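Residue numbers (UniProt numbering): 1 to 277. Idealized CB from N, CA, C, for every residue including glycine. Fair warning: this is a prediction, and the values are worked out from it, not measured in the lab. One structure is given here, and the rest of the page talks about it.
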């Protein structure tokens, strides 16, 4: 049994399938973990959803910002983004089954250490805000997941579209707390010196003129410094592979590549992708 971690697929089903074949992925015994954004700009988001769902207990994904946006579009809350290719999902015979399955997926996955054989990891789409430890992150993720899986999910989707509050406070309640959690776990890239989230800048860190902005994972006193964090979302980073940070978005659909890592031995699999975005 092997564990595979892959970055943002964005509807690039053929590229995902090619990577899995290269790695000799066995859907009956291996496990696939996806760092969110199953859908959006690539040519076959419908096939990606159907495939990951078909893996059952061997397929795992966190929700990304594009996945949440698809749910909002499906409810008539938002319109599809100009370059999204998700209409086939909305017109599919199994539309409701797929969207219901997607709505049940978590914001955070914590795979704990197994019998001392290999370290565990924590996966979210964008990261974990520096002020939170894993226990706190799991608590707030579960709160959002509970609402998303309830009959209040449309209310949550309708009210998640804003950049405020940018600064965490334990006093946040209701939609402000939920929105901060969603933004931090699915949209975050940079933080300001006071720890507040900057939602505007999408550049690679070396090209940022405002030197007060810092990647969330480089913030001083980050409370998850001793955890292995797996994330996607930030294509401009070009991937991050260190001892305890795995940034797996390497620009699939942007002319980069789709990247997958086998957790047990760190072997990397990568496939160049054409520009779809």
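Thinking residue i and residue j are a contact (beta carbons under 8 Å), I'd like their distance in whole angstroms, please.
{"i": "residue 239", "j": "residue 247", "result": "6 Å"}
{"i": "residue 89", "j": "residue 39", "result": "7 Å"}
{"i": "residue 22", "j": "residue 269", "result": "6 Å"}
{"i": "residue 62", "j": "residue 108", "result": "6 Å"}
{"i": "residue 271", "j": "residue 15", "result": "5 Å"}
{"i": "residue 68", "j": "residue 157", "result": "7 Å"}
{"i": "residue 229", "j": "residue 245", "result": "6 Å"}
{"i": "residue 133", "j": "residue 224", "result": "6 Å"}
{"i": "residue 204", "j": "residue 236", "result": "4 Å"}
{"i": "residue 187", "j": "residue 215", "result": "Not a contact, Cβ separation roughly 14 Å."}
Buried or exposed, going by whether 16 or more other CB atoms sit within 10 Å of the CB of residue i?
{"i": "residue 226", "result": "exposed"}
{"i": "residue 1", "result": "exposed"}
{"i": "residue 265", "result": "exposed"}
{"i": "residue 182", "result": "buried"}
{"i": "residue 54", "result": "exposed"}
{"i": "residue 128", "result": "buried"}
{"i": "residue 179", "result": "buried"}
{"i": "residue 28", "result": "exposed"}
{"i": "residue 174", "result": "exposed"}
{"i": "residue 194", "result": "exposed"}
{"i": "residue 151", "result": "exposed"}
{"i": "residue 105", "result": "buried"}
{"i": "residue 220", "result": "exposed"}
Out of the options, state which residue places its alpha-carbon closest to the alpha-carbon of residue i.
{"i": "residue 58", "options": "163, 104 and 26", "result": "26"}
{"i": "residue 160", "options": "33, 261, 4 and 65", "result": "65"}
{"i": "residue 120", "options": "33, 53, 235 and 106", "result": "33"}
{"i": "residue 199", "options": "229, 234, 177 and 173", "result": "234"}
{"i": "residue 137", "options": "185, 98, 158 and 99", "result": "185"}
{"i": "residue 93", "options": "50, 110 and 56", "result": "50"}
{"i": "residue 251", "options": "132, 215, 163 and 202", "result": "202"}
{"i": "residue 243", "options": "261, 254 and 20", "result": "261"}
{"i": "residue 99", "options": "52, 275 and 5", "result": "52"}
{"i": "residue 48", "options": "275, 60 and 10", "result": "10"}
{"i": "residue 273", "options": "5, 12 and 6", "result": "12"}
{"i": "residue 20", "options": "276, 267 and 110", "result": "267"}
{"i": "residue 350", "options": "126, 131 and 190", "result": "It is not possible to answer for residue 350, since the shown part of the chain is limited to 1 through 277."}
{"i": "residue 130", "options": "110, 24, 91 and 192", "result": "192"}
{"i": "residue 60", "options": "6, 149, 18 and 222", "result": "6"}
Only counting the same chain, and skipping five residues up and downstream in sequence, which positions put a Cβ closer than 6 Å to that of residue i?
{"i": "residue 3", "result": "31 and 263"}
{"i": "residue 196", "result": "166 and 167"}
{"i": "residue 140", "result": "181"}
{"i": "residue 73", "result": "80"}
{"i": "residue 70", "result": "39 and 86"}
{"i": "residue 276", "result": "41, 42 and 253"}
{"i": "residue 147", "result": "156"}
{"i": "residue 18", "result": "271"}
{"i": "residue 222", "result": "130"}
{"i": "residue 249", "result": "7, 8, 232, 233, 234 and 235"}
Just to confirm my understanding: we take residue i, look at its own chain, exclude 5 residues before and 5 after, and list those with CB closer than 8 Å. What are they?
{"i": "residue 279", "result": "The chain is shown only over 1 to 277; residue 279 falls outside these bounds and no answer can be derived."}
{"i": "residue 56", "result": "none"}
{"i": "residue 77", "result": "154, 157 and 158"}
{"i": "residue 96", "result": "none"}
Can you list, in chain order, the residues of its chain whose CB lies under 7 Å from that of residue i, leaving out five sequence neighbours each side?
{"i": "residue 124", "result": "62, 107, 108, 185 and 231"}
{"i": "residue 176", "result": "165"}
{"i": "residue 75", "result": "154 and 157"}
{"i": "residue 172", "result": "165 and 180"}
{"i": "residue 149", "result": "103 and 104"}
Exercise for the section: Decide yes or no for the touch test of the stretch 208-222 against the stretch 153-169: beta carbon pairs closer than 8 Å, at least 3 of them. Expected result: no
Problem - Sufficient close CB pairs (3 or more, under 8 Å) joining the stretch 37-52 to the stretch 75-91 - result: yes
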